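Q: Could you have a look at this structure, given as structure tokens, before my questions?
Number of protein chains: 2
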Amino acid sequence: MNGAQALLRTLVSAGVDVCFANPGTSEMHFVAALDDVPRMRGVLTLFEGVATGAADGYARMAGRPAATLLHLGPGLANGLANLHNARRGHAPVLNVVGDHARSHKRLDAPLESDVDALAGAVSGWVRRSMSPADVAADAAEAVAQATRVGVATLVLPADVSWEDGAAPADPVPVRPAPQVPSSVVADVAAVLASGEPAVLLLGGEVVACEAGLLAAGRVAAGTGARLLAETFPARMVRGAGLPDLAKLPYPPEVALAALSGTRHLVLAGASAPVHFFAYPGVPGTPVPEDCAVHVLAATGEDGVAAVQALAELAAPGARPALLEPARPQLPSGELTPRRVSAVLGALMPERAVVVDEVITSGVGLAELTAGAPRHDWLALTGGAIGDGLPMAVGAAVACPDRPVLALQADGSAMYTLQALWTMAREQLDVTVVVYDNGSYAILQGELSRVGASAGGERAGQLLDLGGPALDFVALAGGMGVPATRATTAEELADQLRAAFAEPGPHLVHAVLPGRR
Amino acid sequence: MNGAQALLRTLVSAGVDVCFANPGTSEMHFVAALDDVPRMRGVLTLFEGVATGAADGYARMAGRPAATLLHLGPGLANGLANLHNARRGHAPVLNVVGDHARSHKRLDAPLESDVDALAGAVSGWVRRSMSPADVAADAAEAVAQATRVGVATLVLPADVSWEDGAAPADPVPVRPAPQVPSSVVADVAAVLASGEPAVLLLGGEVVACEAGLLAAGRVAAGTGARLLAETFPARMVRGAGLPDLAKLPYPPEVALAALSGTRHLVLAGASAPVHFFAYPGVPGTPVPEDCAVHVLAATGEDGVAAVQALAELAAPGARPALLEPARPQLPSGELTPRRVSAVLGALMPERAVVVDEVITSGVGLAELTAGAPRHDWLALTGGAIGDGLPMAVGAAVACPDRPVLALQADGSAMYTLQALWTMAREQLDVTVVVYDNGSYAILQGELSRVGASAGGERAGQLLDLGGPALDFVALAGGMGVPATRATTAEELADQLRAAFAEPGPHLVHAVLPGRR
């Protein structure tokens, strides 16, 4: 058995049975081994950023890592931005990066580069497999490390793949997340009993499951503490029957207002909030100076159990306030961002997985979908735009029985638009809505927010996506995804109904005022 | 004057007056300063790999660096693959990578990442600018370093851009390339005088200018040495009136045959050849074991002068064999790769800049274009596919009075297809020919070359670009580039004539047998 065959067998027996791939010559034995190990599903992507973003979306929904298969340093480089997002969202991803054969490294061939430095910049664990006898154990360790640390990268020399003498390895056990000490829970309960204004900032697993949200809702009902979610949760379960959980807003002035007057900020699975960017004359965080920060559960600890224990202690018998089922009326007239949100709130299918890379166009989106049927919401965790469409690929592979709704801004869509092709090839049930306002609208706001003079024509050209305007119907069609264009709320509703009713991918190009 | 304004003024006075940009919030003051420094041309790209590849193509044709403007670690990451290509081709590129304000670094905001590690992996020089008072001097040094070492990266904190107290700096002088000692030239002349079979392997500047090629032609005529070019020259001048210079072939078995029997390999601006990849049972280089390797001019030395000196010494009075003007007959019938080559050879316009990312489909391409009018040929230097269309952008910006012909394989086109939008926005005179064989054809060959079993259906799926087939006419149209489809040689000829006759970008989707 060669190294690649042993590697694949080890991965599938450790539960990694999907590989998002963009292979090259050094990965050919891995590719050939797919026919020997049919339990591994190979999913071809046309660009590595699609592969890594798909692995991110897959991990968020499946709760376990997929593999990526990348081609040497440049292939890994093309996937780094979405690995950054995965890292920031603590999503487990296992990269297999092919490299030159061991004998070839010293020759400095054209594709030679510092793979290890690139891998180290984004991975919590990196190993270079040194022989066919080691590769299976390396792979088993890589799966365990991905589960522990998020992004794990195994560098796989071509000859380690092709040489014989390998054998599969057993999975490496992974311990469950450590429990939060009861003394910490008691301290937080005492803080909340003080009656001073308090906010529970929820993130990570706490917002990804109903148990976490319901326990947090009990704490809020019993203590008067307010609930907020971190600004960009990797996965948040939402909808009717759950507590109404707003996110800490992105714009610094709004975030400052949201926490104004708060004397105690209790972190449960979330990090202490900081502004996304620095702005001249603005403090770096929205936490008031006289607000004490308490860590109930840090990343990696069992935050759900901690919030449940807090509810038992601080709010015994309290009943959480829960959202009633509610959908907005279908709007009519020319599309605006808010009308798009209303149409989505009115029509969102049951058990949807929503991938949100709307950036500035999500006006009213949280409010108008809050009472929709239960759904999961995946946000852009690391700010590296171009994760939305790839994550939709991965979420759809992880959840073949659920509809995926990818809400995608125009500018960020163009980073990894190749994801559409994989949606078509795999016939994934994804409905993409591209919000086209004809610009990098967020930057138009940021230009003035950072205090830069906003009036210049030449500066404006660098934020404008017109001239030529992008035709997303043509772009989708060119990659095999049926697409339509909506300029009114009625058209959007009709097109979404049709897309939801038919399996496979669809794209709706929603034309907003900035584009018209 | 703020840091960004001083930076831009310093760049333009050092000769860097084009910036390929994909900015974000941290770069807003740089963007705003474009209105203060109109000599700097900002060119917007929709993806960072387009910006860096454009800078690569620009540098190869202009002989001086353009700037890129990239957004923090993830923006740099998206540009790394084409920076790898620039580095391998010794093309000067100056990256300006915006980063968080100095005060914000410790807060570990979502976009925080190890920018310096990413920059170091691909740059010959990296500096983080620490204050507005330093930024202009940093920029002047960065331009000089790019000229010396190739890829240079300046990390620019947002507040260094926005704070006042900066002033422009003077350019830093750069010494010319060092001369090769005359003793080295004499040693090589003595080797060639032995009469033993010798090959001059030419690369770098030697193949980029007529003087280098003509001198090499004299050496060959006077000594009997054979001439070969490196496999992937950054820029090669070709056509009627120049020596016929074949490239060392890519496939290992063909490269071995090309150097078989050679006793002396003289390197002039080229590195010692190695195979692109290792293959089981194949030595790592095509250089015969009994062949001595002599370095006439290393990278960074003045190779043109060295070859000229060698011609004076070893071949006084010799006249080089030069290619007569010759164009193939226009072929007819269904398109094949060879017929595409013949149509190109027949119709290639005067003074074309050819960007070659054809990969496997360039059958007969070198032979059938050898006698065409004088042109420049840019190859993929580092093997990171997705440099072709971006390089065409950069070459067209560098040479607005010359037609650019981008010969682009289908699979690699999809990595950085967003380049088409910039061609349309800037109305660049680029004619793109997409060779569509419906597969990663090179990998189908490599799969068997590395000894992997080639028959598996699941492996084959990962090398196949059908299901759905890509429609490059739709994709180009979606980004504002007029496009047509050719399935016969006659159609291709008609469409190319029309494209060459009209300014601005055009795309021809050449449908090859694998796709039909």
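Top line first, the protein sequences correspond to chains A and B. Plus 11 on top of the position in the first sequence (first one is 1) and you've got this note's numbering. Plus 11 on top of the position in the second sequence (first one is 1) and you've got this note's numbering. Cβ coordinates follow ideal geometry from the N, Cα and C atoms, glycine included. Note that the coordinates shown come from a computational prediction; the quantities given were computed from them, not determined experimentally.
Going residue by residue through the region 297 to 368 of chain A, where are the continuous alpha helix (DSSP H) segments of at least 4 residues, counting only ones entirely within it?
A: Runs found: 314 to 325 and 348 to 358.
Q: Hey, which unbroken runs of the alpha helix (DSSP H) at 4 residues or more fall wholly within the region 58 to 103 of chain B?
A: Taking only runs of at least 4 residues, the alpha helix (DSSP H) segments lying wholly in the region 58 to 103 of chain B are 59 to 73 and 83 to 99.
Q: Going by Cα to Cα distance, which pick from B/Leu458, B/Ser459, B/Pro348 and B/Pro208 is closest to B/Val445?
A: Here the closest residue by C-alpha is B/Pro348.
Q: For B/Asp367, is the classification buried or exposed, using 16 other Cβ atoms within 10 angstroms of its Cβ as the cut-off for buried?
A: By the neighbour-count rule (16 or more Cβ atoms within 10 Å), B/Asp367 is buried.
Q: For B/Val154, tell me which candidate among B/Leu18, B/Ala43 and B/Arg246 has the shortest Cα-Cα distance.
A: Checking every option, the nearest Cα to that of B/Val154 belongs to B/Leu18.
Q: Excluding sequence positions up to five away, which residues of its chain have a Cβ less than 8 Å from the Cβ of A/Leu129?
A: For A/Leu129, where only same-chain residues beyond five positions count, the Cβ hits under 8 Å are Gly84, Leu87, Ala88 and Leu91.
Q: By a C-beta neighbour count over all protein chains shown, 10 Å radius and 16 as the cutoff for buried, is B/Pro284 buried or exposed?
A: By the neighbour-count rule (16 or more Cβ atoms within 10 Å), B/Pro284 is buried.
Q: Name the chain A residues whose beta carbon is nearer than 8 Å to that of B/Arg469?
A: Within 8 Å Cβ-Cβ: Leu45, Asp46, Pro49 and Gly53.
Q: Is it right to say A/Asp412 is buried, meaning 16 or more other beta carbons lie within 10 angstroms of its own, or is it exposed?
A: Burial call: exposed.
Q: Nearest chain B C-beta to A/His517 closer than 8 Å, yes or no?
A: Chain B, which has no Cβ nearer than 8 Å to the Cβ of A/His517, makes this no.
Q: Does chain A have any CB closer than 8 Å to the CB of B/Pro493?
A: Not an interface residue.
Q: Is DSSP giving A/Pro168 helix, strand or coil here?
A: Note: A/Pro168 maps to strand in three-state DSSP.
Q: So, at 6 Å on beta carbons, what are the nonlocal neighbours of B/Ala329 in its own chain, with the 5 sequence-adjacent residues on each side left out?
A: Within the same chain, B/Ala329 has close Cβ partners Arg229, Ala232 and Gly233.
Q: Between A/Pro182 and A/Asp149, what straight-line distance do the alpha-carbon atoms span, to the nearest angstrom?
A: Approximately 10 Å between the Cα atoms of the pair.
Q: Would you please verify whether the beta carbon of A/Ala177 is less than 8 Å from any beta carbon of chain B?
A: So, not an interface residue.
Q: Specify the secondary structure class of A/Ala512 as computed by DSSP and reduced to three states.
A: Here A/Ala512 sits in helix by DSSP.
Q: Report yes or no: is there a C-beta of chain B within less than 8 Å of the C-beta of A/Trp173?
A: True, the Cβ-Cβ gap to chain B drops below 8 Å.
Q: Do we get a CB-CB distance below 8 Å when we pair A/His111 with the residues of chain B?
A: At least one chain B Cβ lies under 8 Å of A/His111.
Q: For A/Arg350, which residues from the same chain have a beta carbon less than 6 Å from its beta carbon, with the 5 sequence-adjacent residues on both sides left out?
A: Cβ within range, chain order: Pro342 and Ala500.
Q: Using Cβ-Cβ distances below 8 Å, what residues of the region 104 to 138 of chain A are close to chain B?
A: Under the 8 Å Cβ criterion, the region 104 to 138 of chain A contributes His111, Ala112, Ser114, His115, Leu118, Asp119, Ala120, Pro121, Leu122, Ser124, Asp125, Ala128, Leu129, Gly131, Ala132 and Val133.
Q: Which residue's Cα is closest to the Cα of A/Gly449: A/Leu431, A/Leu439, A/Glu457 and A/Ala420?
A: A/Gly449 has its Cα closest to that of A/Ala420, out of A/Leu431, A/Leu439, A/Glu457 and A/Ala420.
Q: Just the chain A side, please: which residues come within less than 9 Å of B/Thr296 by C-beta, in chain order?
A: Under the 9 Å cutoff, chain A gives Leu118.
Q: Using a Cβ-Cβ cutoff of 9 Å, what residues of the region 430 to 442 of chain A are near chain B? List them in chain order.
A: Within the region 430 to 442 of chain A, the qualifying residues are Trp432, Ala435 and Arg436.
Q: Compare the C-beta of B/Tyr69 against all C-beta atoms of chain A and say whether one is closer than 8 Å.
A: For B/Tyr69, the answer is no, since every Cβ of chain A falls outside 8 Å of its Cβ.
Q: Going along the region 387 to 416 of chain A in order, which residues come within less than 9 Å of chain B, judged by CB to CB distance?
A: If the cut-off is 9 Å between Cβ atoms, the region 387 to 416 of chain A has Leu391, Thr392, Gly393, Gly394, Ala395, Ile396 and Gly397 near chain B.
Q: In this structure, does DSSP put A/Ala17 in helix, strand or coil?
A: Of the three classes helix, strand and coil, the one that applies to A/Ala17 here is helix, per DSSP.
Q: What does DSSP give as the partner residues of B/His386 in its beta bridges?
A: The partner list for B/His386 (beta bridge, DSSP) reads B/Arg249.
Q: Excluding the five sequence neighbours on either side, which residues of its own chain have a C-beta within less than 6 Å of the C-beta of A/Pro208, listed in chain order?
A: Closer than 6 Å at Cβ, skipping near neighbours: Gly272, Thr273 and Arg274.
Q: The ligand ADP and A/Glu123: does any heavy atom of the ligand fall closer than 7 Å to the residue's C-beta?
A: As far as ligands go, the structure on display features none, and thus does not contain the ligand ADP.
Q: In the DSSP assignment, what residue or residues form a beta bridge with A/Asp475?
A: Beta-bridge pairing links A/Asp475 to A/Ser450.
Q: Applying the criterion that 16 or more other CB atoms from any shown protein chain within 10 Å of the CB defines a buried residue, is A/Glu361 buried or exposed?
A: By the 10 Å Cβ count, A/Glu361 comes out exposed.
Q: Under 8 Å by Cβ, that's how I've got B/His111 and B/Ser37 pegged, so tell me the actual separation to the nearest angstrom.
A: That belief holds up - the Cβ atoms of B/His111 and B/Ser37 are roughly 6 Å apart, short of 8 Å.
Q: Taking contact to mean at least 3 C-beta pairs separated by less than 8 Å, is the region 75 to 82 of chain B in contact with the region 27 to 35 of chain B?
A: They touch, by the three-pair rule.
Q: For B/Pro262 and B/Gly394, what's the separation of their Cα atoms in angstroms?
A: Taking the straight line joining both Cα atoms gives about 14 Å.
Q: Which same chain residues, not among the five before or five after A/Val48, have their C-beta less than 8 Å away from its C-beta?
A: So the list reads Gln16, Leu19, Arg20 and Val23, once near-sequence residues are dropped.
Q: Is DSSP giving A/Thr499 helix, strand or coil here?
A: DSSP places A/Thr499 in strand when its eight states are reduced to three.
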